[in-house]
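Residue numbers (full-length UniProt numbering): 1 to 510. What follows is a short report on a single structure.
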């Protein structure tokens, strides 16, 4: 669950050029009040205060909240919870406002966290908080979990309501968290709204799809959700350090492609995954799947390129482990689940009231007419593009390294082309400008004044052309002055002709 895997995924999808097809936002830091909409106040306060250097002061509380073993304390724990939660909730707000069809937060998906307890590397349940936000606008929300572990925290949070249906396909048996069997129907209004498909070791792509497609089809027909939250835990992939399934990236992403085909507002979150190079591969490929973009199997050069050796390919191969999920077993479980779904009313309704206030005002424009007013981080992100990440390189998606700052160079070249075009346009108007000049005598001083009026943006070629025409005109006027002086000298009797500052003056003598 190291944040390193999120950085790797982010860097890889940037180098594939996928950022061009989507909008990227800085995650909002969820406040204590926002996290307390599901978690208890005392538990959130504990997460805010606990640090590696003061753990001895909180021994009893650490045992009470199950923090220390499976959920260790580390520097920046509370900020990590804030970012993971804020990203999922912000995605839900975007869906509610119809600002997007699909929102993604790969740092989220912490499906084991309980109301007052950490569990399975999960401290705050961002999924529950995002679903609560979606329920403000949608009568019914479907939660889909393809992590190898059962999504017990989400199921428990909505144990007695019919407004949230949970579908989880997971490893069951002597495996964490030990829940998610066929008898887990929930209770009250929530009875039969927990659809759990317990699986055995070694399930492959074709087998997984054979149970996922008909099951989801029946749920969509009966439940008709207004929004879907999908947890894409990558520990169900082949070769995961803690997993025991045999799925490839294509099989894992096939589930996403099927869900996407229903054209329902969709929030994608991360989850488990403990072979981090495969986690980055998986979430990059599923980002491309969500965007409807095909990406090359050859990995582009990136900051973590050495992690993907020795083949440096995007896709992984399945192992030779045996599939212990027999056809008879899968059919028996499938029939049982279909019987439970037939017990449900068709698309249960709920009386809608006034819509509560949004958790985040993410679309609020910040007016900065006052130059002394501090600009928020979100407003600054809309103005700034990092050359090292968001370059406009032609080699994105290929196996070579991108050139930092290529976008800026492209913009400068474009600007120079515009100036050259303007220069050519000015050349065509040079003769017209010259003809409109007055026919008075132009001295060297006047010539300099005219030159100073020429805009600096005019090209050197245009300046030279204007200078030539001005010199020709000066020479022409000088010849006329000499001719006129000769005529005056012949006709003058006692006059004295002098030339001062370029002007001809006649003085009468005695």
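Here a beta-carbon is modelled for each residue, glycine too, at the ideal position from N, C-alpha and C.
Inter-residue Cα distance where the pair is residue i and residue j
i, j, result
"residue 145", "residue 168", "5 Å"
"residue 109", "residue 332", "30 Å"
"residue 438", "residue 19", "Residue placement at residue 438 is flagged as unreliable, the pLDDT there being 40, under the threshold of 50; the coordinate-derived value follows with that caveat. When rounded, the distance between both Cα atoms is 59 Å."
"residue 150", "residue 256", "18 Å"
"residue 34", "residue 92", "14 Å"
"residue 99", "residue 265", "10 Å"
"residue 260", "residue 50", "40 Å"
"residue 220", "residue 55", "47 Å"
"residue 406", "residue 21", "Summary for residue 406: the model assigns pLDDT 48, below 50, so the residue's position carries little reliability, and this model does not support an answer."
"residue 344", "residue 211", "20 Å"
"residue 208", "residue 173", "18 Å"
"residue 323", "residue 205", "11 Å"
"residue 64", "residue 293", "47 Å"
"residue 128", "residue 176", "20 Å"
"residue 95", "residue 267", "8 Å"
"residue 311", "residue 188", "52 Å"
"residue 244", "residue 202", "6 Å"
"residue 66", "residue 296", "43 Å"
"residue 3", "residue 164", "29 Å"
"residue 77", "residue 274", "19 Å"
"residue 213", "residue 52", "46 Å"
"residue 60", "residue 23", "44 Å"
"residue 350", "residue 191", "16 Å"
"residue 44", "residue 119", "14 Å"
"residue 17", "residue 290", "14 Å"
Among the options, the one whose alpha carbon lies nearest that of residue i
i, options, result
"residue 158", "177, 147 and 195", "195"
"residue 217", "161, 203 and 258", "258"
"residue 186", "93, 317, 155 and 266", "155"
"residue 41", "94, 310 and 117", "117"
"residue 29", "241, 340, 111 and 90", "90"
"residue 73", "309, 115 and 46", "46"
"residue 262", "142, 235 and 37", "142"
"residue 298", "104, 316 and 78", "316"
"residue 300", "160, 36, 359 and 15", "15"
"residue 314", "306, 282 and 325", "282"
"residue 38", "114, 82, 356 and 242", "114"
"residue 27", "119, 153, 6 and 58", "6"
"residue 270", "304, 235 and 318", "235"
"residue 276", "304, 291 and 290", "304"
"residue 80", "338, 140, 48 and 36", "48"
"residue 222", "237, 193, 58 and 178", "193"
"residue 230", "11, 17, 111 and 10", "111"
"residue 171", "162, 182 and 306", "182"
"residue 321", "329, 238 and 359", "238"
"residue 148", "166, 180 and 233", "233"
Three-state secondary structure (DSSP) of residue i
i, result
"residue 320", "coil"
"residue 537", "The structure shown has nothing for residue 537, since the chain only spans 1 to 510."
"residue 53", "helix"
"residue 73", "coil"
"residue 363", "Residue placement at residue 363 is poorly supported in this model, since its pLDDT is 48, which falls under 50; the coordinates still yield a value, given next. If DSSP states are grouped into helix, strand and coil, residue 363 belongs with coil."
"residue 4", "helix"
"residue 145", "strand"
"residue 136", "coil"
"residue 37", "coil"
"residue 24", "coil"
"residue 230", "strand"
"residue 247", "strand"
"residue 189", "helix"
"residue 237", "strand"
"residue 97", "coil"
"residue 444", "Low local confidence applies: a pLDDT of 46 at residue 444 is under 50, so the model's placement there is unreliable, with the coordinate-based value given in what follows. Correct three-state label for residue 444: helix."
Opposing strand residues paired with residue i [DSSP bridges]
i, result
"residue 196", "168"
"residue 90", "Looking at the DSSP assignment, residue 90 forms no beta bridge with any residue, so it has no partner."
"residue 294", "In the DSSP output, where bridge partners are listed per residue, residue 294 has none listed."
"residue 119", "122"
"residue 103", "267"
"residue 82", "Residue 82 is not bridged to any residue."
"residue 32", "According to DSSP, which records beta bridges pairwise, residue 32 is partnered with nothing at all."
"residue 330", "Per DSSP, none; premise fails for residue 330."
"residue 218", "Answer is none; residue 218 lacks a bridge partner."
"residue 511", "In the structure as shown, the chain begins at 1 and stops at 510. Residue 511 is therefore absent and cannot be evaluated."
Please determine if the region 221-239 and the region 123-135 are in contact, where contact requires at least 3 C-beta pairs separated by less than 8 Å.
Yes, the region 221-239 is in contact with the region 123-135.
Okay, do the region 325-344 and the region 198-216 touch, 3+ Cβ pairs below 8 Å being the bar?
yes
Should the region 275-289 be regarded as contacting the region 108-126, the criterion being three or more beta carbon pairs within less than 8 Å?
no
Three or more C-beta pairs closer than 8 Å, one from the region 80-87 and one from the region 233-249: is that the case here?
Contact fails: fewer than three Cβ-Cβ distances are below 8 Å.
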